[in-house]
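J.: The opening residue of the sequence shown carries number -15 in my numbering; numbering runs sequentially from there. Even glycine gets a Cβ: it sits at the ideal position worked out from N, Cα and C.
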Amino acid sequence: MRKLFNVLRCLCRSYCVVPPGYSIPPDSLHIVQSRPPRIGGFADVWRGEYTQPDGRRVDVAIKHIRVNPWEASTIHPKVCQEIILWRRLSQHPRITPMIGIDRHLFPLCIVSKWMAHGDIMSFLRQSPDSNRLQLLIDVCEGLQHLHSQSVAHGDIKACNVVVDSKSRANLCDFGLSTLIHSVNSMNPSTQSNEKSPGTTLYMAPELMDPERYGLKYSHVSLEADVYALGLVMWEVFAGREPWGSLRGLYSNLKVARAVLEGQRPPRPPAAAGLPSHTADDVWDLIQRCWRQQWRERPRIEEVLRSLTEAAARQLP
C-alpha cells in the first residue's frame, strides 16, 4: 500500500496534477473578504466559503501561494506531490483539516478548514485565562502524529498553531514553508530578509550551521521540530515573541549569532496560570527541548508525556 501511495505522489509531481477528489471544483469556492486578513512571507490567507458536494457550506482558509514566475514550474509540481501526503496526515484531530487545492481563484492555493480563533497567540490575547498547558498538549499530539509517520513539520512557530471553535489547538502548514523555500540557502547570511523573520526566530542551530553539528547539509528534522517547539512553549507562557530584544535592523542575523553562541530567551518572570512547582517543571522541559546539541533533545513522546503529567498535577 505504501508503495502505491508513493507511486501516486510521483505521478502527481511528474504531471503537475492531483486526483479529482483533491481538486476543488469550479464555482464551489468563494472569497468572502475584500482583502486577506493574514499576509505571510510567501502566501496570503483569505477567508472563504466552500460548497461541499452535499450542498453544505463551510468556512475555509484559502492560502494563495505567491511564487515568482521562474519558480512556478518547480513549486507547483511539488505542491501536487505533497498535497496527497498533507491531506492524509491532516485527518488527525490536532492537525488542521486540509480540503484540497484550487487553481481557479489564483494560480495555486491550498484550501483548509477555517479556524475561528486564529493563531494561538491571538487567541491567548483574547482569552488570557485559557488552559495553556492543554493547548500545548494539543500541539504535541499533532506533532507526535507527524513524527510517528517520520514526517517533520519543518516550520513550527506560534502562527502555525491555530485554535478552532472548541478552543483546541491545531497544527497547520506542515512542510509548506520548507517546500516553498527549498530553492533558498539555509545559511544565516542569506536569511536577512525581514519579511519572514519567524523562520529564524525558531530555527535550530544545526539548521544555521550544519557542519558545526556533524551534518553535511541543512534539512528539516524531528529534532529541529522539538527545538522550535521549545520556543513556542516559551512564547505561550511568556506572552510575547521570543528574541524581542534583538528585533530591528538585521534581527535575523542577530538571532542566528545568539543561537549559535548558545544563548536562549530568559525564563519568564511568571508563567501564566501555573503554580511555582509546575512552572519549574515546564521550564526544565523547555530547556531540554532547545538544547544546543540536536542529539540531546527529547523525543516528542517524552515532551507530550511531561506536559500531560504537569497538567495532571494541576487537577484538584
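Could you have a look at ASN171 and say whether DSSP puts it in helix, strand or coil?
T.: In this prediction, ASN171 has a pLDDT of 35, which is less than 50 and means its spatial position is unreliable; nothing more can be read from the coordinates.
J.: Pull up the DSSP beta-bridge partners for ILE79, would you.
T.: ILE79 pairs with LEU155.
J.: Expressed to the nearest angstrom, what Euclidean distance is found between the alpha-carbon atoms of GLU195 and GLN298?
T.: Computed Cα separation, rounded: 43 Å.
J.: Which of the three DSSP states, helix, strand or coil, is assigned to TRP218?
T.: Helix, per DSSP.
J.: Do LEU108 and VAL220 have their beta-carbon atoms positioned less than 8 Å apart in this structure?
T.: Their beta carbons are under 8 Å apart, which means VAL220 touches LEU108 by this criterion.
J.: Let me know the alpha helix (DSSP H) ranges lying completely inside the segment 91 to 135, each 4 residues or longer, listed in chain order.
T.: The qualifying runs are 104 to 110 and 116 to 132.
J.: Using the three-state DSSP reduction, which class does TYR201 fall into: helix, strand or coil?
T.: Coil, per DSSP.
J.: Can you tell which of HIS129, VAL42, PRO9 and GLN133 has the C-alpha that lies nearest to the C-alpha of CYS93?
T.: Nearest C-alpha to CYS93: PRO9.
J.: Determine the direct distance from the alpha carbon of PRO226 to that of PRO249, and round the result to whole angstroms.
T.: So the alpha carbons of these two residues sit roughly 6 Å apart.
J.: Would you kindly check if the distance between the Cβ of ASN154 and the Cβ of ARG72 is under 8 Å?
T.: No. Outside cutoff.
J.: Within the same chain, show all residues whose beta-carbon is closer than 7 Å to that of HIS48, passing over the 5 residues directly before and after it, in chain order.
T.: Answer for HIS48: ALA27, ASP28, TRP30, PHE90 and CYS93, listed in chain order.
J.: Measuring straight from C-alpha to C-alpha, what distance separates VAL216 and ASP113?
T.: So the two alpha carbons sit approximately 18 Å from each other.
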